[in-house]
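Residue numbers (the UniProt record's numbering), protein chains in the order written: chain F, 1 to 440; chain H, 1 to 440; chain V, 1 to 440; chain R, 1 to 440. Here a beta-carbon is modelled for each residue, glycine too, at the ideal position from N, C-alpha and C. Notes follow once the structure below has been shown.
There are 4 protein chains.
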Amino acid sequence: MIPRYSRPQMVDIWSPETKFRIWFEIEAHGCDALADLGVIPKEAASTIWDKGNAATFDIERIDAIERETKHDVIAFLTHLAEIVGEPARFVHQGFTSSDVLDTTLNVQLMRATDLLLEDMDKLLAAIKKRAEEHKYTVCIGRSHGIHAEPVTFGLKMAQAYAEFDRCKARLLAAREEIATCAISGAVGTFANIDPAVEEHVAKSMGLKPEPVSTQVIPRDRHAMYFAVLGVIASSIERLATEVRHLQRTEVLEAEEFFSKGQKGSSAMPHKRNPVLTENLTGLSRIVRAFVTPALENVALWHERDISHSSVERMAAPDATVTLDFALARLTNVVENLVVYPERMLANMDALGGLVHSQRVLLALTQAGVSREDSYRLVQRNAMKVWDAYQQRLPNPPVFLDELLADDDVRKALSEEEIRDKFDIGYHTKHVDTIFDRVFG
Amino acid sequence: MIPRYSRPQMVDIWSPETKFRIWFEIEAHGCDALADLGVIPKEAASTIWDKGNAATFDIERIDAIERETKHDVIAFLTHLAEIVGEPARFVHQGFTSSDVLDTTLNVQLMRATDLLLEDMDKLLAAIKKRAEEHKYTVCIGRSHGIHAEPVTFGLKMAQAYAEFDRCKARLLAAREEIATCAISGAVGTFANIDPAVEEHVAKSMGLKPEPVSTQVIPRDRHAMYFAVLGVIASSIERLATEVRHLQRTEVLEAEEFFSKGQKGSSAMPHKRNPVLTENLTGLSRIVRAFVTPALENVALWHERDISHSSVERMAAPDATVTLDFALARLTNVVENLVVYPERMLANMDALGGLVHSQRVLLALTQAGVSREDSYRLVQRNAMKVWDAYQQRLPNPPVFLDELLADDDVRKALSEEEIRDKFDIGYHTKHVDTIFDRVFG
Amino acid sequence: MIPRYSRPQMVDIWSPETKFRIWFEIEAHGCDALADLGVIPKEAASTIWDKGNAATFDIERIDAIERETKHDVIAFLTHLAEIVGEPARFVHQGFTSSDVLDTTLNVQLMRATDLLLEDMDKLLAAIKKRAEEHKYTVCIGRSHGIHAEPVTFGLKMAQAYAEFDRCKARLLAAREEIATCAISGAVGTFANIDPAVEEHVAKSMGLKPEPVSTQVIPRDRHAMYFAVLGVIASSIERLATEVRHLQRTEVLEAEEFFSKGQKGSSAMPHKRNPVLTENLTGLSRIVRAFVTPALENVALWHERDISHSSVERMAAPDATVTLDFALARLTNVVENLVVYPERMLANMDALGGLVHSQRVLLALTQAGVSREDSYRLVQRNAMKVWDAYQQRLPNPPVFLDELLADDDVRKALSEEEIRDKFDIGYHTKHVDTIFDRVFG
Amino acid sequence: MIPRYSRPQMVDIWSPETKFRIWFEIEAHGCDALADLGVIPKEAASTIWDKGNAATFDIERIDAIERETKHDVIAFLTHLAEIVGEPARFVHQGFTSSDVLDTTLNVQLMRATDLLLEDMDKLLAAIKKRAEEHKYTVCIGRSHGIHAEPVTFGLKMAQAYAEFDRCKARLLAAREEIATCAISGAVGTFANIDPAVEEHVAKSMGLKPEPVSTQVIPRDRHAMYFAVLGVIASSIERLATEVRHLQRTEVLEAEEFFSKGQKGSSAMPHKRNPVLTENLTGLSRIVRAFVTPALENVALWHERDISHSSVERMAAPDATVTLDFALARLTNVVENLVVYPERMLANMDALGGLVHSQRVLLALTQAGVSREDSYRLVQRNAMKVWDAYQQRLPNPPVFLDELLADDDVRKALSEEEIRDKFDIGYHTKHVDTIFDRVFG
């Protein structure tokens with residue numbers, strides 16, 4: 001998490017201020033529940049809320065106490081006692097520190113996920129808009145980086161939409177995974193705290209009680225969470241890679257938006273680099289990097305050890321802040337992507353119509369020519385076109401013209417039949433079906 | 001995937017025989033759909049089914065053809081034509097090879113998942129049985145590897161049950177992720193194949209149509225799938241680590257079952273090593289290893305490249321076969337784990353009752369002693385016990401006796417009040433609540 | 001490790017036959033040393049060598065014994081006793097199983113590394129040959145996928161050479177890491193075996209004694225080893241990616257060799273896909289996948305646990321076999337890569353000479369024009385050329401002509417001065433320097 | 001990189017101040033070289049040094065310029081021009097931004113490595129001291145967590161020393177990898193800059209010229225670098241895990257130092273948790289996390305893309321700062337580790353001398369008893385001892401006494417012969433040999 005790749009709202013979730021505020025809320029909700037159970041006086045709970053709500057927690061003071069006690073929760077509670085006064089002794093009764101820490105982490109992750117879900121909705125909206133805009137903008141489909149058959153730019157966007165829609169569903173599931181609360185005391189047996197407290201705090205904080213915690217909330221939940229972030233990062237990389245490819249000088253079918261004053265190079269006016277999507281490629285690697293440590297965090301010793309803690313102190317902010325930034329940046333790239341439909345057609349046509357060769361081949365076989373002969377006929381015309389393209393010859397031959405001029409081909413197929421095979425519409429007839437599946 | 005860590009049923013899913021059989025079924029179901037659409041004769045489809053069902057595909061023959069054509073699907077289709085005869089020309093019409101390959105991979109993953117789900121059910125049943133058996137078998141809970149407060153062995157099992165129950169839910173979700181079918185032709189536009197064919201094949205194979213494929217089924221699905229296997233592996237590692245810890249010589253609260261003739265060491269009769277759970281720890285690392293390549297597989301170029309293929313040829317069998325083996329081995333470990341309740345109590349008591357110190361401290365404060373004084377009183381008695389334990393003194397002092405003999409303590413608390421704090425039942429009173437949450 | 005991506009010589013290293021032969025050699029060399037120390041009779045050692053050398057180890061028999069004893073080394077020793085007869089009782093004296101297993105693994109890794117080093121030498125030779133062949137084959141250099149300034153194809157090869165030369169040095173260092181031998185007995189104290197035995201076996205097997213083993217050879221060595229394989233895999237990916245980019249339809253500056261009969265597509269004659277380099281991209285991911293488990297293998301418990309074993313049984317063959325295959329495949333790709341120098345020039349010229357804009361700009365400033373004015377003058381001519389390129393206009397303007405026709409430019413620069421800036425040789429004048437650095 | 005796990009000296013290396021100072025030095029050394037070549041006036045170079053050395057770079061001002069230009073190097077150069085005045089136009093001539101950025105990264109990594117090497121030396125010194133102190137402090141060696149045969153605590157330390165000594169050698173090699181300089185201009189051809197400039201800057205900054213750069217320094221170097229950090233992290237985890245195991249309540253052979261006032265728990269005086277080594281376990285995971293993205297950074301497109309940049313902006317500081325902190329923390333743990341030799345003996349003796357069973361067995365066979373009978377004799381005595389241990393019986397039988405009282409044993413061995421097998425010195429006789437190997 002560095003300022004360059006951070007947005008304030010997500011950073012705020014991970015600030016000390018937010019953390020201490022959540023700690024306070026958990027403790028105060030706990031007091032409410034303890035008061036309901038008659039364990040502590042109702043007025044105490046009420047005072048704790050009033051004074052705590054009115055106060056600003058002094059982070060430097062808390063840090064100073066921690067330097068002494070070497071215990072962060074105790075440092076906070078000491079500071080809280082300074083604010084709350086006498087009723088402070090009713091705070092944290094029967095709690096263990098992990099109750100506060102683990103529940104807080106999950107609240108933070110839940111809030112982070114809510115931001116990521118907003119990001120995702122914006123990204124989906126942006127993709128959808130471009131998909132509809134370019135539903136029938138024909139471009140060449142490429143397998144292995146090689147021209148194959150026509151698709152549309154809208155289809156590319158529809159694919160991305162479907163993929164990020166799945167990512168959204170995964171994110172919702174990941175939110176469920178980590179939206180749990182543990183207030184179960186040392187080693188999680190509720191020996192010194194009633195399960196009703198956990199239920200009350202959980203409900204108040206928008207969480208569910210963890211069915212069985214062992215002082216800690218089990219880390220398979222967090223492993224799953226970070227794995228989902230990693231998958232989303234990979235999907236970001238996929239779309240970013242598509243843009244990078246489309247912007248290559250030789251392809252140039254789309255470009256990241258360039259602001260007016262922006263200069264790609266001090267000398268070469270054409271130098272507009274896909275730096276945003278290259279950056280997204282790198283950010284994806286960083287988000288994915290936290291999947292493995294999260295998986296390694298699962299096997300804590302016995303009821304708990306604390307090896308997970310340092311990992312999470314770094315990974316939780318870093319992964320969520322970076323992913324939030326990346327989703328927003330990708331949305332921006334999609335919204336402002338400059339698409340060149342003419343260039344798309346020109347690229348496709350650069351092969352002189354070769355993309356239609358399969359249909360001509362099939363038509364020949366349907367007209368009674370053997371498959372072997374058909375292939376030979378198509379190929380001898382195709383190769384002329386291909387060789388010219390390969391050598392970038394000026395005024396290269398056009399595949400349709402070659403076929404029309406080939407007597408053997410014409411014996412089997414009429415001019416109209418041949419021309420019919422060069423219909424781009426043939427390839428887009430099911431675009432609507434696919435759009436219905438994705439957006440319907 | 002090596003024989004040592006493989007079970008035949010899962011291995012079979014990844015055999016060439018199974019693969020070619022699925023290829024055939026996809027092609028044959030496709031013929032049915034094409035026949036329904038009137039594209040090919042119904043009798044052709046019928047003949048294809050009859051002859052294909054009757055035949056055994058000759059893998060050596062297919063391999064020989066592939067060596068020539070360097071294309072596995074064409075090799076198979078050529079062999080199929082040898083079996084089916086003339087109607088073979090109606091096979092694969094409008095299909096692209098990836099339609100067959102990707103759909104087959106997903107069928108295999110789906111079947112593999114079904115086996116894993118069976119494994120998971122057996123593991124859950126085994127854990128539940130041991131949980132109920134040892135619901136109230138008290139043992140010390142350990143945080144940081146250090147004695148904390150009492151738990152029960154049943155609670156340890158309940159935690160494992162809840163964790164693997166989550167893993168089962170994740171596995172079901174992962175099955176949904178990959179149970180899709182693509183029969184959409186080159187670059188996925190359905191230009192040469194009606195979407196109805198995809199729908200029919202999908203339904204026949206137990207899959208859902210992929211909303212938008214681009215020659216390939218998008219790999220974010222598989223990334224998510226392998227990530228879930230990785231999380232399950234980590235949960236296996238957690239339970240395996242627990243057993244390894246419990247079997248340590250100094251702890252010895254449980255042991256992996258040793259068959260009668262088995263020898264841990266040729267010389268030392270006590271040498272029974274937790275080799276199964278150590279092995280599970282290693283296998284977990286292997287299953288997790290495939291998460292990263294699966295994440296790297298997502299960002300294919302444009303409509304597809306084939307970089308994912310070699311990864312999946314190795315990772316899909318290796319990850320599922322290894323996880324299947326690991327789940328079965330863990331089930332075996334749990335079912336046959338030898339638990340030593342007396343040793344558990346002995347270990348807990350080895351600290352002379354120190355685990356109750358917190359309750360005595362609280363009782364003193366409730367009896368009006370200041371917190372500082374209470375701590376001092378408890379500590380001075382506790383330290384005698386602790387020092388004796390640390391030095392492994394013979395006939396070490398017992399915490400209860402020391403407290404009863406401490407006049408300052410007795411001024412505040414009666415013998416009965418003190419004895420009451422040494423009640424183990426206090427710590428297990430909510431075991432039932434937790435069991436209800438987990439198994440209820 | 002699957003047959004598709006395996007070569008026999010490397011596979012042989014990991015066969016049971018090879019493994020048992022190394023086990024035998026270690027035991028027999030151990031007997032020699034024990035005989036020298038007078039611990040066992042010299043004739044016994046001699047008989048063991050004679051009978052063992054003459055025998056073929058019966059793997060099925062060994063497996064059968066292991067099924068009984070559940071111990072692989074004991075199974076082998078039992079079988080060896082069947083072969084050797086009475087002197088067998090002198091075998092393995094004071095050894096622990098890990099002495100044999102760990103030393104054998106290192107012998108196998110050392111031999112695997114020797115094969116990889118041969119692979120690397122062949123790859124380096126192939127790259128060097130192409131580098132020299134195309135030392136001055138000019139092509140456009142691309143940053144961010146965008147045309148920048150000219151380089152040569154030979155420079156691309158020189159870069160690859162330097163990178164793989166580093167990889168070779170790393171591989172040599174990795175060989176040093178794992179070429180160690182441990183014959184130190186249970187927990188590594190030499191209590192029951194003289195260090196002289198270890199020294200003798202080490203020397204005989206081409207290894208160095210492990211300074212301090214703890215029953216096992218420390219796994220930081222193997223972690224480093226697999227990390228080096230991972231780095232090599234990434235370098236393979238880099239060169240593979242370069243080829244994939246160069247073969248893109250729009251770029252087409254080079255192509256993987258296509259054998260005469262090979263068909264990229266049944267219908268489209270131009271469809272020659274870079275499937276080998278795509279495959280190499282995937283194989284790289286697999287080799288890299290083993291880095292993390294190898295890192296996780298380091299922290300064994302106390303003097304040893306056996307969690308590393310299952311990881312290595314799979315990772316060691318898989319990583320080395322796959323890397324061997326990948327290096328050989330890459331060598332083949334490089335040797336047979338079809339390079340199109342004319343197309344390279346054509347691509348570079350497609351931008352109408354824009355790649356020289358920086359030099360014109362600098363010349364203008366040197367001629368006294370302010371930097372701002374210079375930029376404006378260059379840009380207004382460049383943009384005409386660029387726009388025509390972007391729109392793929394027929395007969396696009398040529399940058400040199402535009403500049404020559406611009407009065408403001410001509411006020412500062414003569415025709416000769418301008419033409420001089422379009423000299424490709426300017427960009428290649430230090431190719432020789434770089435070649436000297438790399439190949440000198 | 002968060003304050004909690006950071007040390008100021010390493011953090012400083014990654015500060016904006018340090019970065020801009022290195023940028024300046026690279027540019028200024030470049031000017032010297034250009035002046036020597038006669039490309040720019042000597043006085044200009046001299047003025048640049050004087051004014052630059054005297055100035056403090058204003059980071060806020062640079063940031064403000066970058067917000068406008070969206071280019072960090074241009075922003076710095078603009079600010080430098082404000083400081084230097086007219087001669088600023090001679091700065092950066094023929095440089096490309098990456099020349100500055102990549103060379104700076106390597107300078108920072110080199111300096112970071114120098115700090116890590118200092119850390120490593122301190123750690124090695126600390127380990128060596130403890131090794132010598134406890135050279136003959138006997139403790140039980142454990143394989144699989146189970147008592148095996150005696151070792152010494154010094155041997156444990158010697159193993160750690162040898163391992164970190166290897167890590168130091170790897171770190172030195174990693175330093176070599178990244179200590180290179182590139183001043184080769186756009187796409188690395190030296191078209192606009194003489195190689196002599198690179199050589200001068202390299203020498204001045206303590207680097208070697210990169211033999212062939214392609215605008216960027218190749219990232220296989222950095223991949224190797226981060227891999228080495230990952231291996232070191234794993235070695236840290238290994239030693240940390242050893243301490244965690246030794247501190248377990250049931251083992252308690254060593255403890256992390258506890259400062260006087262420190263409290264592990266507010267209630268339980270025995271609660272001293274190995275939190276430092278648990279923390280080191282987590283930090284290791286974080287350092288290792290950056291290995292995979294560094295491997296993914298290698299395959300940049302063509303002459304360069306910028307996807308590596310965001311990864312390195314986060315990973316380079318995070319990995320080095322965290323590792324620096326971890327090495328220092330581990331050194332502190334080792335230096336202050338409280339070792340309990342008596343407890344070590346007590347733990348070993350808790351099994352009533354069973355650790356000597358192998359030697360008794362061997363002695364019986366040497367005395368003419370068949371191996372089978374010997375095993376039976378040893379086992380029947382050992383099992384009594386073992387069962388008592390397993391059940392934690394009071395006054396458990398002692399193995400030596402049982403053997404001495406066994407008539408069948410005594411028929412073969414005299415009391416003296418039996419007692420002789422219980423000599424701990426037998427196991428430590430080669431400690432000196434091993435120490436010589438490691439420290440000699």
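Between residue i and residue j, how many whole angstroms is the CB-CB distance? I'm expecting something under 8 Å.
| i | j | result |
| --- | --- | --- |
| residue 368 (chain V) | residue 399 (chain V) | About 22 Å; that fails the 8 Å criterion. |
| residue 254 (chain V) | residue 136 (chain V) | At roughly 16 Å, the Cβ-Cβ gap does not stay under 8 Å, so residue 254 (chain V) and residue 136 (chain V) are not in contact. |
| residue 430 (chain F) | residue 195 (chain H) | 6 Å |
CB residue i to CB residue j, shorter than 8 Å?
| i | j | result |
| --- | --- | --- |
| residue 298 (chain H) | residue 219 (chain H) | yes |
| residue 230 (chain H) | residue 311 (chain H) | no |
| residue 407 (chain H) | residue 377 (chain H) | no |
| residue 337 (chain H) | residue 243 (chain H) | yes |
| residue 127 (chain F) | residue 164 (chain F) | yes |
| residue 100 (chain V) | residue 26 (chain V) | yes |
| residue 200 (chain V) | residue 29 (chain V) | yes |
Can you grab the Cα-Cα spacing for the pair residue i / residue j, in whole Å?
| i | j | result |
| --- | --- | --- |
| residue 51 (chain V) | residue 280 (chain H) | 39 Å |
| residue 204 (chain H) | residue 140 (chain H) | 54 Å |
| residue 346 (chain V) | residue 389 (chain F) | 11 Å |
| residue 304 (chain R) | residue 216 (chain R) | 6 Å |
Quick one, which residues of the region 234 to 261 of chain V are near chain R if we go by CB-CB under 7 Å, in chain order?
-> 234, 235, 237, 238, 241, 242, 245
Segment contact flag, the region 152 to 159 of chain V with the region 207 to 215 of chain R, C-beta cutoff 8 Å, min 3 pairs | yes
Against chain H: residues of the region 62 to 82 of chain V by CB proximity under 7 Å = 70
Mind listing which residues of the region 311 to 328 of chain V have their C-beta closer than 9 Å to chain H's C-betas, in chain order?
-> 311, 312, 313, 314, 315, 317, 318, 322
Residues of the region 285 to 309 of chain F with Cβ closer than 9 Å to any Cβ of chain H, in chain order | 288, 291, 292, 294, 295, 296, 297, 298, 299, 300, 301, 302, 303, 304, 305, 306
Do the region 54 to 62 of chain V and the region 7 to 14 of chain V meet, that is, are 3 or more Cβ pairs less than 8 Å apart?
-> Contact between the region 54 to 62 of chain V and the region 7 to 14 of chain V is not established, with fewer than three Cβ pairs separated by less than 8 Å.
Listed in chain order, which residues of the region 118 to 150 of chain F have Cβ atoms closer than 8 Å to some Cβ of chain H?
-> 141, 142, 143, 144, 145, 148, 149, 150
Within 7 Å of chain H by C-beta, residues of the region 215 to 236 of chain F in sequence order | 215, 218, 220, 223, 224, 227, 230, 231, 234, 235
Relative to chain R, which residues along the region 183 to 198 of chain V have a C-beta separation below 7 Å, given in chain order?
-> 186, 187, 189, 190, 191, 195
Give a yes or no on contact between the region 78 to 87 of chain R and the region 163 to 182 of chain R, applying the rule of three or more CB pairs nearer than 8 Å.
-> At 8 Å Cβ cutoff, the stretches do not touch.
Are the region 93 to 110 of chain R and the region 68 to 79 of chain R touching, with three or more C-beta to C-beta distances below 8 Å?
-> Verdict: yes, contact present.
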